[in-house]
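Please read the structure below before turning to the comments.
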Amino acid sequence: MQWILPPAHPERIALLARKLGISQVLANLLLRRGYHVPDAALAFLNPNLADLADPLLMGGMRGAVNRLEQALRNQESVLIFGDYDVDGVTSTTLLAHFLRQFGLNPRFIVPRRMGEGYGLSVESLERAIAMQKPDLVIAVDCGTASVQEVRWLKDRGISAIIIDHHSPPDELPADCELVNPHVLDPEDVPWKDLCSVGLVFKFCHAVVKVLRQKGDPLAERMDLRQYLDLVALGTVADLVRLTGENRILVRSGLKALRACRRPGICALMDVAGLSLGDPLDAGDIGFKLGPRINASGRLDDATLPIELLLSEDWQSCREKAQILDQHNGERQEIERHITLEAEKLVQSRHEEDLGLVLYAPHWHTGVVGIVASRLTRQFHRPALVLGAEE
Numbered sequence: 001m002q003w004i005l006p007p008a009h010p011e012r013i014a015l016l017a018r019k020l021g022i023s024q025v026l027a028n029l030l031l032r033r034g035y036h037v038p039d040a041a042l043a044f045l046n047p048n049l050a051d052l053a054d055p056l057l058m059g060g061m062r063g064a065v066n067r068l069e070q071a072l073r074n075q076e077s078v079l080i081f082g083d084y085d086v087d088g089v090t091s092t093t094l095l096a097h098f099l100r101q102f103g104l105n106p107r108f109i110v111p112r113r114m115g116e117g118y119g120l121s122v123e124s125l126e127r128a129i130a131m132q133k134p135d136l137v138i139a140v141d142c143g144t145a146s147v148q149e150v151r152w153l154k155d156r157g158i159s160a161i162i163i164d165h166h167s168p169p170d171e172l173p174a175d176c177e178l179v180n181p182h183v184l185d186p187e188d189v190p191w192k193d194l195c196s197v198g199l200v201f202k203f204c205h206a207v208v209k210v211l212r213q214k215g216d217p218l219a220e221r222m223d224l225r226q227y228l229d230l231v232a233l234g235t236v237a238d239l240v241r242l243t244g245e246n247r248i249l250v251r252s253g254l255k256a257l258r259a260c261r262r263p264g265i266c267a268l269m270d271v272a273g274l275s276l277g278d279p280l281d282a283g284d285i286g287f288k289l290g291p292r293i294n295a296s297g298r299l300d301d302a303t304l305p306i307e308l309l310l311s312e313d314w315q316s317c318r319e320k321a322q323i324l325d326q327h328n329g330e331r332q333e334i335e336r337h338i339t340l341e342a343e344k345l346v347q348s349r350h351e352e353d354l355g356l357v358l359y360a361p362h363w364h365t366g367v368v369g370i371v372a373s374r375l376t377r378q379f380h381r382p383a384l385v386l387g388a389e390e
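The sequence shown: position 230 = 230 (our numbering), numbered continuously.
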């Protein structure tokens, strides 16, 4: 690989270095990243929670807040519908904990990857509603494309709020409250690249802000910084750009993770070989904490890590973290076997192919995406890896 860098501008480098009081090496790096204005460069170097934009400026936010305020006022039954990756797990955990503090007892459900697929599905909703019919479903990290499913809910008298960051389809679900920056906001807003846990954080911020304006005592006491550890986990693991509001949230969230006030995260750090109080960076989330949360959804049921992150009992957290660690070991072993088989296929049959499309019926569909990324890096070609599921 050959890196082609834009030409350096010594005068600009010297000027930025002098204005910010930084080295010319750092000034050069900032310029190459597009930070030509000193104020923008300074904000990049020193992200601050005070610089987060008003959440009520987001498209669709006021409607979503109004619907949740109604649910809080009437103590309605709420079901949180999540996803099985780290972003979905942390989004579900954050929202469930937040609603509990306001007196609701929300249930949560995550689709079973092997049987129900991704996102809102009638199968998953039927499973959830069979236990108890909710008044309101809040879908996090999914739902933007769920036209039929939202209609299915409406036909049964169930309202829906969707908080999602995925690209919109041609048709959007109707008769629901939707918060998705890729649908409702201009390109230049600072929250454009937030993943779902960041959007859920903004949603909770908006709810607290509205309730404080109305003199709600619970909202007055609410400290949303308690959720920054979850926001950092989900944001880094989801591989979104660490600029704008993502950068602000992750920087503060890493500090919260180091403090480790959540028993479930402490237990997860312990099994991942991270010592409490040690400095943590994005790599620790991406390669140690995130994979252990993800492994359960890939191989089993993603409700386990949500229960872990919501639990206040250390012994229970320890047991759940050990199970997640075992799942991660199993995932790594399955992934290794598939990768070795795929490499042999490439070397024996596809050496000259410009792109790789590989398939074996016994390959686990929960890990083929990881294998594809490994093959892309190894052979420098696009790779599509398929397994069989029914």
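Positions of the beta carbon are idealized from the N, C-alpha and C atoms, including for glycine.
It should be emphasised that the depicted structure is a prediction, and the values quoted were computed from it without experimental measurement.
Taking the alpha-carbon positions, what's the Q2 to R377 distance?
15 Å
Unbroken alpha helix (DSSP H) run spanning L386, endpoints:
First-last for L386: A383 to L386, but that is the beta strand (DSSP E), not the alpha helix (DSSP H).
Return helix, strand or coil for I80, following the three-state DSSP convention.
strand
Taking the CB atoms as reference points, tell me whether A53 and P181 lie closer together than 8 Å.
It is not a contact, given that the beta carbons lie outside the stated cut-off.
F379 lies in the alpha helix (DSSP H); which residues open and close that run?
V368 to F379
L184 and G59 closer than 8 Å at C-beta
yes
T365 vs G329 beta-carbon contact at 8 Å:
no
What does DSSP give as the partner residues of E177 in its beta bridges?
I161
Flag this pair as yes or no: are the beta carbons of L308 and A321 separated by less than 8 Å?
With respect to A321, L308 sits close: the two C-beta atoms are nearer than 8 Å.
Beta-carbon proximity check, G421 vs T90, cutoff 8 Å
Lying before the first or after the last residue shown, residue 421 is absent from the chain, which here runs from 1 to 390.
Keeping to the same chain, check which residues put their C-beta closer than 7 Å to that of S77; ignore five residues upstream and five downstream.
Contacts found: Q132, P134 and D135.
If you count every other CB in all the chains shown that lies within 10 Å of the CB of L49, and 16 or more means buried, which is it?
exposed
Residue range of the beta strand (DSSP E) that R113 falls in?
Note, R113: premise wrong, no beta strand (DSSP E); alpha helix (DSSP H) at R113 to E116.
Tell me which same chain residues have a C-beta within less than 8 Å of the C-beta of L224, skipping the five on either side of it?
Taking L224 as the centre and dropping the five residues before and after it, the same chain places the C-beta of F201, C204, H205 and V208 closer than 8 Å to its C-beta, in chain order.
Under 7 Å Cβ to Cβ from L120, same chain only, skipping five residues before and after it: list those, please.
F81, A139, C142, G143, S146 and E149
How about L386: is its C-beta nearer than 8 Å to some C-beta of chain D?
Given the protein chain composition of this structure (a single chain), no chain D is represented.
So within the segment 274-330, which uninterrupted alpha helix (DSSP H) runs reach at least 4 residues, ignoring any that extend past its ends?
Uninterrupted alpha helix (DSSP H) stretches at least 4 residues long and entirely within the segment 274-330 occur at 290-299 and 303-310, given in chain order.
Around the Cβ of A8, are there at least 16 other Cβ atoms within 10 angstroms (buried) or fewer (exposed)?
exposed
Comparing C-alpha positions only, which one of W363, V346 and D281 sits nearest to G355?
V346
Do L289 and L268 have their C-beta atoms closer together than 8 Å?
Against a cut-off of 8 Å, the Cβ pair of L268 and L289 comes out as a contact.
For D175 and R62, I'd like the C-alpha separation in whole angstroms.
Approximately 15 Å, taken between the alpha carbons.
Mapping the DSSP letters down to three states, classify A14 as helix, strand or coil.
helix
State the DSSP-derived secondary structure class of L356, mapped to helix, strand or coil.
strand
Less than 8 Å separating the beta-carbons of I158 and V179?
If you check the CB distance, I158 and V179 do not come in under 8 Å.
Residues in its own chain within less than 6 Å of W363 by CB, not counting five upstream and five downstream?
For W363, where only same-chain residues beyond five positions count, the Cβ hits under 6 Å are I338 and G387.
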